[in-house]
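For the sequence shown, the numbering used here begins at 1 and goes up steadily by one.
Beta carbons: idealized from backbone N, C-alpha and C, even for Gly.
Only a predicted model underlies this, so the values are computations on that prediction, with no experimental measurement involved.
What follows is a short report on a single structure.
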Amino acid sequence: MIVLEFKLKGRAEQYRVIDEMIRTAQFIRNKALRYWMDNRGVKLSDLYKQCAVMAAEFEWAGKLNSMARQASAERAIFAIQRFFANCKANKPGKKGYPQYKKFSRSVEYKTSGWKLSPNKKHLTFTDGFAAGTFKLIGSRDLHFYSPKEIKRVRVIRRADGYYAQFAINVERTEELAPTGKAIGIDVGLNHFLTASHGATVPNPRHLRKSEKALHRAQRRVSRKKKGSANRKKAMNRLGGKHLKVSRQRKNFAIETANALVKSNDFIAYEALQVRNMVKNSKLAKSISDAAWSQFTDWLQYLGRVYGKTVVAVAPHHTSQNCSACGTTVKKSLSVRTHVCPCGAVLDRDHNAALNILAKALRQVGIEINTVGHTGINAWEQNDLYSLVVTSASKLTG
């Protein structure tokens, strides 16, 4: 499944109709959730039936396409299923009991309620709201895909306009020549990542660099009268600045993950529990700004696209153990240099990256006695390379 996004270009009255569509989808989602709360033990399939009941009861709800109503009910269903899954898994802390949505920003259609123009440059909504035809602005091309392959169309309102996302039922695969290289990476706050061969990628700190502009925009919002048109404009400007930071962060994650995947055949990283780490109030903003989870998600996705092996390992003791001899050398977060009695002296994150690579190799069935330069050189031997690729394919396949 791939997703292609385009900006919708239309008239102001068309955008107002989209806002009505989004509010209707939110209403249906919340009503379906209310029905589940009032009728404990009800089957999830009954929530689909409630969509038809709501369409008959509320005339404006009936304007929304029937499959779009079902997609709205599915959002409630997914929240309910996630809650029960967390309870069954005994997830620590809050289990995520489903809540009502107050500020939805999207409406989703399935295979009806919309149509593409013959040249696939325009999108028309054909349900009762009659939002009309919008021009699709974007660099991607829908000509490569048939309408039957488009399984969902999601309309999203953002600070800088309205967008349409097309979920297309195709698998993206690309071939690259093998590089014969393996790498372990340790993510951090001083450097965004440190590789097992010693290279580092600077931490861009997108939010930190934009904080002054964000604070100024926030003060302008606070000075405006609540409910006024000027306050709404100020809020849109503030939202635009936050959107810019979000896009910068996403682009950086994609570019970094793409470079790693294309230049290595075997990539190892730590499976960090970021949700727990952000509970540290002193580091929460910096950790969130680094977006490690987004980066590793793209690493896994691009690994599948290019047929590379990406392995996540447990983060235990990767910084404390010596990568040369295995001895545990206790150190606090403020200590940035690893010094071992065996004579190994190297950057703390570099030491962790070497340990991560060693753990990943052991995880796929390869044992290396020393992970330092000897281990990296040994990786480049063809016999070990073939063995690792074969073992990794069994693990991930």
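- If you ignore the 5 residues before and after A61, its C-beta comes within less than 8 angstroms of the C-beta of T24, F27, I28, M54, A55, R69, all in its own chain and listed in chain order.
- Between the stretch 11-25 and the stretch 126-141 there are three or more inter-stretch CB-CB distances shorter than 8 angstroms, so the stretches are counted as touching.
- Distances from the alpha-carbon of K262 to those of I183, M277, E59 put I183 closest.
- From the listed residues F58, R154, V245, the smallest Cα separation to E5 is found for R154.
- Ranked by Cα distance from A177, the options R152, G307, F144 are led by G307.
- In the displayed model, V364 falls within coil according to three-state DSSP, outside both helix and strand.
- Exclusion of the five residues before and after A79 leaves P98 as the residues of its chain whose Cβ lies within less than 6 angstroms of its Cβ.
- Under the three-state reduction of DSSP, T296 is assigned to helix.
- Nearest C-alpha to N203 among H197, D186, R216, E59: D186.
- The C-beta distance from S319 to N351 rounds to 7 angstroms, short enough to fall under 8 angstroms.
- L283 has its alpha-carbon roughly 29 angstroms from the corresponding atom of L302.
- For L116, the enclosing beta strand (DSSP E) stretches over residues 114-116.
- Runs of the beta strand (DSSP E) lying entirely within the stretch 251-330 and spanning at least 3 residues, in chain order: 266-270, 309-313.
- Collapsing the DSSP output to three states places L193 in a strand.
- Linking Y163 to L8 through their CA atoms gives a straight-line distance of about 5 angstroms.
- Assignment of F125 by DSSP, reduced to helix, strand and coil, places it in the strand class.
- Judged by beta-carbon spacing, L357 lies within the 8 angstroms limit of S196, meaning their Cβ atoms are closer than that value.
- Closest option to L214, judged by alpha-carbon separation, among R237, Y109, L333: R237.
- Q165 is bridged by DSSP to E5, R154.
- Looking at the DSSP output, S106 shares a beta bridge with I156.
- For F83, no beta strand (DSSP E) encloses it; the enclosing alpha helix (DSSP H) starts and ends at 66-88.
- Under the criterion of beta carbons closer than 8 angstroms, L189 and V201 do not qualify as touching, at roughly 12 angstroms.
- For H338, the beta-bridge partners assigned by DSSP are L346.
- Shown here, V170 sits in coil according to DSSP, grouped into three states, outside any helix or strand.
- The C-alpha of G113 lies about 20 angstroms from the C-alpha of R11.
- For A199, the number of other beta carbons within 10 angstroms of its own is below 16, and it is reported as exposed.
- Here L238 carries a helix assignment [DSSP, helix/strand/coil].
- For R216, the closest of R205, G227, Y100, A234 by C-alpha to C-alpha distance is A234.
- Take V274, set aside five residues on each side of it, and the residues of its chain with a beta-carbon closer than 8 angstroms to its own are I287, W292, S293, in chain order.
- A residue is called buried once 16 or more other Cβ atoms fall within 10 Å of its Cβ, and T296 is buried on that count.
- For V17, the enclosing alpha helix (DSSP H) starts and ends at 12-38.
- In summary, C342 is exposed, with fewer than 16 beta-carbon neighbours lying within 10 Å of its beta-carbon over all protein chains present.
- Each of A360, R157, A76 was checked against the Cα of F266, and the nearest Cα belongs to A360.
- In the three-state DSSP reduction, G93 falls in the coil class, being neither helix nor strand.
- Put simply, the backbone Cα of C340 is about 9 angstroms away from that of T328.
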